[in-house]
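Residue numbers (this note's numbering), protein chains in the order written: chain A, 1 to 304; chain B, 1 to 234.
Don't be surprised by glycine CBs; every beta carbon is placed ideally from N, CA and C.
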Amino acid sequence: MRAFRLPTLLTALGLAGCAPWQSSAPVTPSSYAQARDVMPRTLGRLRRLVLVELDRAAPKACDAGTDGEVTLTVPDAETREILVERKGYELVDPAPDAGHPWLDDGAVQALAQDMRRAEGAGDALQLAAPLRAWLDRLRAEHQVDALFVVQVESTCGNALGPLRGALAIVSLGTSELTKNPELRRLETLYVAAAFESASGRLVWRNEVGRGAKALDAFRQLRGATAGPSPLERLLEPVEPAVPKILTRWALTRARCAPPRCARGSTRSSRRRPRSGPRADRRSGAGRRRAPGPRRTWGSRRRAR
Amino acid sequence: MSIRPLALGLIALAAAARADAPPAAGIPAARWEAEGTVVEVMLAEPAALATQTLSAPLHYAIGVVAMPMVLLQPEAALAWPFHMLLAAPWQARFNHQSATVSHALVTPALPQTVVTAFAAQWTARDGRPAFTLQLRIESYGLTTRSGRTLEAFEPKEDLCLAVSAQWTLTKPGVVPHTQALMLTPSQRDADAPPPICLPLARWAEDDGRRTRQAVAELGEVLAALLLQRLAAVP
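The structure is reproduced here in structure tokens:
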């Protein structure tokens with residue numbers, strides 16, 4: 001039996017490495033004060049998401065590789081369908097006609113670097129300062145709970161430094177002189193990560209792609225028909241969101257410091273249906289206001 | 001090592017690992033009353049987990065026969081798909097998970113869960129006329145996304161906690177108002193959240209703890225939906 005302990009342990013560790021990572025610390029939603037949910041949740045409590053999709057081109061070490069540039073792309077319809085229709089999240093689009101006007105090239109590169117650093121970083125990872133400022137603004141104006149990033153990366157074995165180094169050592173350097181077509185063959189790596197807007201820290205991460213080719217080959221040997229798509233495999237472990245009907249909108253203003261949090265309706269709150277019979281009276285969203293100087297929550301109190 | 005004890009053990013395991021009978025019907029209705037307002041919730045059908053298929057006994061039999069044959073002649077393993085060799089213990093595990101989840105679906109009973117949640121979310125009538133609300137749950141349980149029966153050897157298909165119901169509002173002097181309430185993978189009302197979907201193993205883990213939590217949350221959701229719709233009825 002002793003002979004089986006080490007292989008069993010290694011197998012278990014390997015399988016554990018395939019599961020998504022989730023923060024064990026409690027999260028802080030920004031779009032509601034309390035909810036009548038019963039199931040324990042972490043990412044699921046952050047129900048209003050802003051979705052960003054990054055596309056990373058293949059590096060020069062791969063076939064048809066370029067410079068590994070990262071660009072912002074329109075989120076895949078399948079991603080939206082899984083997060084909204086299956087998991088119950090609400091996707092916030094601050095500017096539907098202009099994409100992400102506040103996310104300039106510098107911020108996109110900073111986000112790509114944060115996605116790289118997210119691997120193995122755990123709770124310690126925080127978004128870079130420009131991204132924090134952008135997310136704070138979204139949180140204040142659109143009550144966004146989290147930033148959800150999906151990165152589609154074209155890569156190959158040759159781009160993995162440790163693998164390349166190990167092969168060079170084993171082959172006494174000859175692997176660097178000859179081009180190995182297997183190592184240069186492109187494969188797609190899917191990575192998803194969620195950053196809480198209240199703190200900017202990483203709360204959830206998952207990755208699909210490494211070893212996916214072997215898994216697909218095994219599935220074909222077993223005669224299975226088409227399995228789940230890579231995006232399905234990436235996003236199925238996402239927790240179901242807190243049902244919108246079980247949340248209360250009332251105390252969102254208390255989390256924002258004036259003057260950024262102004263009373264009255266914003267575009268997103270006009271689109272957002274209210275939940276609960278008392279929410280209308282408390283939130284005041286959608287009410288007509290008499291024309292006059294723009295008031296903040298704090299100034300209204302002082303006027304009394 | 002003698003093969004006979006192993007073969008006898010497998011046969012005994014196959015015989016013992018039959019599917020447990022589903023929980024008995026007869027889940028009581030629940031009722032709540034306050035300030036002349038009455039809320040009644042009843043279950044039309046018992047909770048169901050349609051997981052067994054006609055092919056299950058065949059898989060059982062193959063597994064009981066295949067394992068000893070493989071031990072006698074290892075090269076015979078090449079002729080069998082891998083899951084056929086483990087059919088008997090695999091089916092036993094599946095049956096145990098199904099029984100755990102079936103039991104967790106009915107304890108606590110959904111009607112009482114809905115009534116308790118309704119009472120907790122209810123605010124005072126504030127001068128509104130008293131009414132009687134009846135919620136008749138027509139089907140409730142775990143179903144696959146496609147709506148078909150789950151087989152023991154399906155590659156990890158998710159099961160979704162689904163419910164379909166009909167509610168009737170009765171006020172004095174007013175025609176009763178009836179409306180459907182759907183929360184299934186294939187059909188869902190606009191104000192209802194998507195059903196929670198998980199693999200069978202996750203529903204069954206820790207003696208069905210996740211199932212009980214999901215049922216309790218479903219009670220909260222149904223109560224909140226009813227209150228929201230009551231507010232919309234003139």
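Under the Cβ distance rule, V149(A) does not count among the residues neighbouring chain B, no pair being separated by less than 8 Å. The shortest C-alpha to C-alpha distance from E35(B) to any of P129(B), L169(B), V106(B), T113(B) is the one to P129(B). Rounded to whole angstroms, the separation of the alpha carbons of T132(B) and A19(A) is 49 Å. Cα atoms of V115(B) and G141(B): separation of roughly 18 Å, rounded to the nearest angstrom. Counting every other CB atom within 10 Å of its CB across the protein chains shown gives D206(B) a total below 16, marking it as exposed. When 8 Å is used as the limit between beta carbons, L181(B) is near no residue of chain A, the shortest such separation being about 12 Å. Put simply, the CB of K87(A) is near chain B, with a gap under 8 Å to one of its CB atoms. Below the 7 Å Cβ cutoff, chain B contributes E220, V221, A224 as neighbours of L246(A), in chain order. Only residues of its own chain outside the window of five on either side were considered, and among them L51, E53, V150, L231, L235 have a CB closer than 8 Å to the CB of T79(A), listed in chain order. At a cut-off of 8 Å between beta carbons, P240(A) contacts chain B. Judged by DSSP secondary structure, D206(B) falls outside any beta strand (DSSP E) and instead within the alpha helix (DSSP H) spanning 200-232.
The Cβ of P243(A) sits closer than 8 Å to at least one Cβ of chain B. Ranking S139(B), L169(B), L183(B) by CA distance to the CA of H177(B) puts L169(B) first. Ranked by how close their Cα comes to the Cα of K60(A), the residues C156(A), T174(A), K244(A), V203(A) have C156(A) in first place. Scanning its chain for C-beta atoms nearer than 6 Å, with the 5 sequence neighbours on each side dropped, one finds around A194(A) the residues L43, A146, F148, V203, W204, in chain order. A residue is called buried when at least 16 other Cβ atoms come within 10 angstroms of its Cβ; L172(A) does not meet this threshold and is exposed. Neighbourhood of A109(B) in chain A, by CB distance below 7 Å: empty, with the nearest CB roughly 15 Å away. Against chain A, the beta carbon of E40(B) has no neighbour under 8 Å; the closest one sits roughly 21 Å away. Assignment of D37(A) by DSSP, reduced to helix, strand and coil, places it in the coil class.
CA-to-CA, the gap between T211(B) and T144(B) works out to about 15 Å.
Close partners of D191(B) in chain A (Cβ separation under 7 Å): I245. Per DSSP, reduced to three states, the secondary structure at S31(A) is coil, with no helix or strand assignment. For R233(A), the uninterrupted alpha helix (DSSP H) run begins and ends at 230-235, by DSSP. Taking the Cα of V174(B) as reference, the smallest distance to any Cα among P234(B), A214(B), E138(B) is reached at P234(B).
Counting along the chain, no alpha helix (DSSP H) covers R201(A), and no H or E run does either. With a beta-carbon spacing of about 7 Å, L159(B) and C197(B) fall inside the 8 Å limit used to define contacts. At least 8 Å separates the beta-carbon of E153(A) from that of T178(A). For Y140(B), DSSP records a beta bridge to V163(B).
The Cβ neighbour count for R56(A), taken over all protein chains shown within 10 Å, is at least 16; the residue is labelled buried.
Shown here for A107(A): same chain residues with a beta carbon closer than 7 Å to its own, the five before and five after excluded, namely P130, L131, W134 in chain order. For the set A30(B), P108(B), V38(B), P28(B), the Cα lying nearest the Cα of K171(B) is the one of V38(B). Between P28(B) and A109(B) the beta-carbon gap is near 7 Å, inside 8 Å, which marks them as a contact.
Per DSSP, the continuous alpha helix (DSSP H) segment holding T116(B) begins and ends at 110-121. Rounded to whole angstroms, D76(A) and E33(B) show a C-alpha spacing of 49 Å. Following the DSSP letters along the chain, one finds A30(B) inside the beta strand (DSSP E) bounded by residues 30-34. Counting along the chain, the unbroken beta strand (DSSP E) around A180(B) starts and ends at 177-183.
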